[in-house]
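Residue numbers (this note's numbering), protein chains in the order written: chain A, 7 to 120; chain B, 6 to 342; chain C, 9 to 96.
Ideal placement from N, C-alpha and C gives every residue a C-beta, glycine not left out.
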Amino acid sequence: MLVLDIVSSILLFAGVFFGLTGAVGLFRFPDFFTRVHAASITDSIAVILIISGLLLQTAFDLNTAKLLFILLFLMITSPTASHALAKSARHGGLLTLGESKQQKQQMQQKEAGQ
Amino acid sequence: MAVLIDLVLLAMLAITALRVIFLKDLFAVVMLFGIYSLLSALIFINLDAVDVAFTEAAVGAGISTVLMLSTLALTGRTEKESRRSSVLPLLVVVATGAALIYGTLDMPPFGAADNPIHQHVAPRYIEESPKEVGMPNMVTSVLASYRGFDTFGETVVVFAAAIGVLSLLGVARRREEDGAPDSGLKESDLKESGFKGHKVLRVVAKLIIPLTILFALYVQFHGDFGPGGGFQAGVIVAAAFILYALVFSLSHALRVVSPKFLQVLASLGVLLYASVGIYSMLKGGNFLDYNKLAADPLAGQHYGIIIIELGVGITVFAVMLNIFYAFASQVERSNIK
Amino acid sequence: MTAVFSAVCIAILVVMALALARAMKAPTVYDRILGVNMFGTKTVLFIAVIGYLMGRPEFLDIAIVYALINFIGMVAVLRYFEYTAPTE
Chain A
7 MLVLDIVSSI LLFAGVFFGL TGAVGLFRFP DFFTRVHAAS ITDSIAVILI ISGLLLQTAF
67 DLNTAKLLFI LLFLMITSPT ASHALAKSAR HGGLLTLGES KQQKQQMQQK EAGQ
Chain B
6 MAVLIDLVLL AMLAITALRV IFLKDLFAVV MLFGIYSLLS ALIFINLDAV DVAFTEAAVG
66 AGISTVLMLS TLALTGRTEK ESRRSSVLPL LVVVATGAAL IYGTLDMPPF GAADNPIHQH
126 VAPRYIEESP KEVGMPNMVT SVLASYRGFD TFGETVVVFA AAIGVLSLLG VARRREEDGA
186 PDSGLKESDL KESGFKGHKV LRVVAKLIIP LTILFALYVQ FHGDFGPGGG FQAGVIVAAA
246 FILYALVFSL SHALRVVSPK FLQVLASLGV LLYASVGIYS MLKGGNFLDY NKLAADPLAG
306 QHYGIIIIEL GVGITVFAVM LNIFYAFASQ VERSNIK
Chain C
9 MTAVFSAVCI AILVVMALAL ARAMKAPTVY DRILGVNMFG TKTVLFIAVI GYLMGRPEFL
69 DIAIVYALIN FIGMVAVLRY FEYTAPTE
């Protein structure tokens, strides 16, 4: 089954690539809300690709059902957790990069005017 | 390959532990403790100890984090600066650690084939367990059958922990006893259930909770064939109900599963375990001798193990949920004031 | 196939180390939570792949439990923030 091996290797490596870029994005993005984007989007796509790669390696038995269950569960809960986190941060008063720059400009104008 | 993974995981574990020591922000410490639990569970998986990893994941990363966060909501978030010098404690710890490491130099090398433990103990159980108990998962057969007394003691200890926490903290009474239901309680309801605006979270939680309970039942009864068993299943069901109490409010959860019911359940679990032992005594064997439970000894072992695992699962579920109620109602009390 | 699984394992470990670094040194407290969440999801994938590497698919049960625990831990953290405003 060499074709199956090659296809699943491609899927696994693609998933790992997205995971790595997401982790790098956690450090390089300037603002918290953009970092949430990096983490959650790459997380979801990495999960889909890696589990599909593993699915191609299993015989059709209980393990397939477990892998599909993991996939379904992560697809439902991981975006929800990121959404709840971003909403919580917004309610906590965190400002986006544009808004905090605006705030700084307004403070500077006030101080220059006084 | 396994050695490399072990080294990387242990290095991350050490770095996390060092960071935890020097952080003063207790919330970050709780987060890092969650990561610490996950890492140690991964190390257990690498060492092929699957049941232990299961329990470590469920209890350490899940329940402990939730309980520590409830405590943090009551106390402050930063650790007080300590003004005493810590040179003397450091010297004591280093001396003790050095003595312990010196003591292990005498032991046989890790995993060598001619260790004493591999000569008699391990081969005896590996060969005799299929004939005497007949179950694929030998951890369960040792835990539940060969060492049934110890597991009984552990269940009673968990029960005693519940008694201790409940006698110290106690659980808040249900709101409906204070007045007519839903009359004038809207303000306090809004204060408690801060998740009223999170519609997505509420819908997803309603989907996830039944799936979780179903999976916990699978873990409970599959413990004979794969990793799992009573402890893990009880913790997972408790985690499902804790999710319900977190997303919807605590008073809803108190109405669904009341603390009195949980206390009765916890006692029932321990009684179930003990009654298996007494039944086997009535049948003419020793206490917890499963061979006497049915006509065929192997079938008797199966029955015995399933029933006591059920007892353990029920007790652990009731105790964990009760302890969470006790902690969380403290937070509610201080918030409503 | 074993070589592919080993390489994937090492790569996921690298991602986990990066998420851990983010959880340890974070500008805001929400970044720490983000790091822990990513760590948890990658742990689930790591267990699944290492189960296939070592030829023991029973590890998938543990992966399911981790996914559950990760979600419940996140919800507990966010509930904590509903009670107490962050000081940063």
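Could you give the residue range of the alpha helix (DSSP H) that holds residue i?
i	result
B:N51	31–51
B:E137	126–137
B:G228	Unbroken run through B:G228: none, as it is neither H nor E.
A:P36	Run containing A:P36: none; DSSP gives neither H nor E here.
C:M32	10–32
B:I68	Premise fails: B:I68 is in no alpha helix (DSSP H) and is neither H nor E.
B:D11	7–27
A:E117	103–119
B:T83	First-last for B:T83: undefined, no H or E at that position.
If we cut at 8 Å on Cβ distances, does residue i have a partner in chain A?
i	result
C:G82	For the record, residue 82 of chain C in the displayed sequence is Met; it is not Gly. True, the Cβ-Cβ gap to chain A drops below 8 Å.
B:V209	yes
C:L21	no
B:H257	no
B:L43	no
B:H125	no
C:V73	no
C:R64	no
C:I70	no
C:T51	no
B:H350	Because chain B is modelled from 6 through 342, residue 350 of chain B falls outside the range shown and cannot be assessed.
C:L26	yes
B:L195	Residue placement at B:L195 is flagged as unreliable, the pLDDT there being 41, under the threshold of 50; the coordinate-derived value follows with that caveat. So no, B:L195 is outside the interface.
C:M9	yes
B:L293	no
B:L212	yes
B:V35	no
Any Cβ of chain B within less than 8 Å of the Cβ of residue i?
i	result
C:M46	no
C:Y38	no
A:T83	yes
A:T86	yes
A:S46	no
A:H89	yes
C:I41	yes
C:R87	yes
C:A56	no
C:A31	yes
A:S15	no
Nearest to residue i by alpha carbon, out of the options?
i	options	result
B:A22	B:L259, B:M36, B:E133, B:I10	B:M36
C:A31	B:A33, B:E84, B:I106, B:S150	B:A33
C:R87	B:A271, B:I26, B:T70	B:T70
A:H43	A:K72, A:L60, A:S84, A:A71	A:S84
B:V321	B:H307, B:N291, B:A167, B:G39	B:A167
B:A165	B:Q268, B:D301, B:H125	B:Q268
B:G39	C:Y74, C:E90, C:M9, C:F89	C:Y74
A:F23	A:R41, A:F35, A:T48, A:I12	A:T48
C:N78	B:A245, B:S87, B:Q335, B:E159	B:A245
B:V162	B:V208, B:A331, B:Y330, B:V317	B:V317
A:A29	C:V22, C:M82, C:G63	C:V22
B:S204	B:I247, B:V144, B:V252	Residue identity differs from the one stated: residue 204 of chain B is Lys in this sequence, not Ser. The candidate whose alpha carbon is nearest that of B:K204 is B:V252.
B:I311	B:A58, B:S134, B:G153, B:A62	B:G153
C:L76	B:A243, B:A149, B:L12, B:T109	B:A243
B:E137	B:D301, B:Q124, B:L326	B:D301
A:G25	A:G119, A:S50, A:L8, A:K110	A:S50
B:D30	B:V92, B:P135, B:N291, B:E84	B:E84
Measure how close the beta-carbons of residue i and residue j come, nearest whole angstrom, since I'm counting them as under 8 Å.
i	j	result
B:N51	B:A78	Contact flag wrong, Cβ pair sits at about 35 Å.
B:L298	B:G305	4 Å
B:A221	B:A238	5 Å
C:V83	C:A71	In fact, because the Cβ distance is near 19 Å, the residues do not count as touching under 8 Å.
B:A149	B:I313	6 Å
Quick one: is residue i near chain C, going by C-beta distance under 8 Å?
i	result
B:R338	no
A:R41	yes
B:G233	yes
B:V317	no
A:F66	no
B:A244	yes
B:V13	yes
A:K72	yes
B:Y330	no
Please tell me whether residue i has its Cβ less than 8 Å away from any Cβ of chain D.
i	result
A:K107	No chain D appears in this structure, whose protein chains are A, B and C.
With three or more C-beta pairs closer than 8 Å as the rule, is the stretch 214–224 of chain B touching the stretch 98–106 of chain A?
Cβ pair count under 8 Å is below three, so no.
Are the stretch 19–35 of chain C and the stretch 271–279 of chain B touching by the rule of at least three beta carbon pairs closer than 8 Å?
no
Just checking, does the stretch 54–61 of chain A make contact with the stretch 90–101 of chain A on the three C-beta pairs under 8 Å criterion?
no
Determine, using beta-carbon pairs with one atom in the stretch 13–21 of chain B and one in the stretch 45–64 of chain C, whether at least three such pairs fall under 8 Å.
no
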